[in-house]
Amino acid sequence: MTREFLQSQLTEEEREIFMVIFLDNQNRVLKHSRLFSGTLSHVEVHPREIVREAIKVNAAAVILAHNHPSGSPEPSQADRLITERVIKCCRFMEIRVLDHLVIGRGAYVSFAERGWI
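Per the UniProt record's numbering: the sequence shown = residues 1 to 117.
So, in structure tokens, the structure goes:
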């Protein structure tokens, strides 16, 4: 259900959008937000802003997602690095990162399914 929702939100975007779904301690959705938007091939992500919003809504966990307008959902090295930075920042505040989905045209990659989270 989460994947389908994120695909419906991000597949047709012409620039990279970074979304976060904020969850309570029973993994119920508290809020979802398009926190960052970028260009055709890049979006700048600020882990501090993700943590700040998570604290504001009292989230216990988050799911990260962004799109690749090029169509290929294969994560870049930059995608993997920013995910690690977000995980480290969230861990410090006891917020779990459950997954990071990269959405392409008709396909997706889940960091959790690949064992990267």
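Beta carbons: idealized from backbone N, C-alpha and C, even for Gly. Nothing here was measured: the structure is a model prediction, and the numbers come from that model.
Between Ala59 and Phe22, the CB-CB gap stays under 8 Å.
Rounded to whole angstroms, the gap between the alpha carbons of Asn67 and Glu84 is 18 Å. In the DSSP assignment, Leu64 falls outside any alpha helix (DSSP H) and lies within the beta strand (DSSP E) extending over Ala61 to Asn67. Taking a contact to require three or more Cβ pairs closer than 8 Å, the segment 100 to 107 and the segment 31 to 48 do not qualify as touching. Just measuring C-alpha positions, the residue of Gly71, Val20, Arg114 and Val57 sitting nearest Arg80 is Arg114. When the beta-carbon positions are compared, Pro69 and Val109 stay at least 8 Å from each other. According to the DSSP assignment, Arg114 belongs to no alpha helix (DSSP H), since it is labelled neither H nor E. The C-beta distance from Val97 to Val51 rounds to 11 Å, too long to meet the 8 Å contact threshold.
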